[in-house]
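The structure appears right after this line, and notes come after that.
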Amino acid sequence: MIRSLHRVFRSVTCGRTPPARLPTSERNYMLHHAPGYLIIFCCGLFSAVASGADRLNILFITLDDMNRDSIGVYGAKVDSTTPNIDKLAADGLRFEHAHVTIAICQPTRAVWMTGRYPHNSGALGFNRIQPGVPTLPETLRDHGYYTGILGKTEHVVPSREQAFAYRRDRSELHNGRSQDLYGKFVAEFLQNAKQSKRPFFLMVNSHDPHRPFDKRTAAKDRKPGKAVRTESTEKKKAKVKYVGDYPAPSRIYQPDEIVVPGFLPDLPNIREEIAQYYSSVRRADDVVGRVLSELQQAG
């Protein structure tokens, strides 16, 4: 998959014309508990911002720690988990067989950004990409693209802030979980790209459904839109400057709605945690929907 993506990028930067519509969706995983991702790669969905330009705009969306079977188009057994992703997948290209080479999130992101295996990029764990290793955003920037990133800024091209002209980290996105803030900054980025009269590369990284999961599972909390304060272990470790409540997903799942996988015992606390996970999946899908809505409105 990585080679295929980089062939697309090479064709963009060299002026060749790839397919008119090439959104892709993919989930990379290793065993049941390794970090999983959904990658939504949209290329050429909208006209190039540069006048007369034949290069395509690129939108790259990732969702963090998402299981393949959480997604509707990949056979989710829980109702309506990813309506926005499903719509995009129905109009795009889906990869069925792709796997990470190392079960840690940052090296996987480095593979996307460099096209190299972790032992060749230097990003074997939570490590920086080695100096001198070219990256996707820097290459696109050098070919005239306006580049931007929302969320996961410390995990994509660490130590290379100049790779992205526009940056918003998770502390500005309600810890990477607010569809309203993602929408706000996507709109701002698109306006900047339009004013620059350049094609754009925008990487949007949701922090959902990574832990901490959404905690609303009780009947009194079913109403969408209600905020809840969630103590985050991630926040403690990273000392994230985040103040406020986590936004609610558009649907809150209950323990009796989910299916317990066969490798786990069917116990109340397990059902509750899985329900919280699916609520976080739905919130990630809400972000995808909002991002695509802003892109559509921008024309």
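Residues 15 to 313 (my numbering) make up the sequence shown, in order. In this text, a Cβ means the ideal position worked out from N, Cα and C, and glycines have one as well. All values reported here derive from a predicted model rather than from experimental measurement.
- Non-local C-beta neighbours of I284 in its own chain, meaning closer than 7 Å and more than five positions away in sequence, comprise V274, L278, ordered along the chain.
- Distances from the CA of R265 to each of Y180, T128, D300, G276 were compared; the closest alpha carbon is that of D300.
- Between the alpha carbons of K229 and V171 lies a gap of roughly 31 Å.
- Between A289 and E308, the gap from beta carbon to beta carbon reaches 9 Å or more.
- Between G190 and H221, the C-beta spacing is below 9 Å.
- With 16 or more other CB atoms across the displayed protein chains lying within 10 angstroms of its CB, L164 is buried.
- In its chain, beyond the 5 residues on either side, D300, V301, R304 have a beta carbon closer than 6 Å to the beta carbon of Q193.
- The beta carbon of A90 is closer than 8 Å to those of D83, S84, T96 in its chain, skipping five residues each way along the sequence.
- Residue pairing for R182: DSSP places it in a beta bridge opposite L164.
- Three or more Cβ pairs drawn from the region 108-121 and the region 132-149 lie within less than 8 Å of each other, which places the two stretches in contact.
- By the neighbour-count definition (other C-beta atoms within 10 Å, threshold 16), A124 is a buried residue.
- Of the candidates Q209, D79, A112, D79 places its Cα closest to the Cα of Q120.
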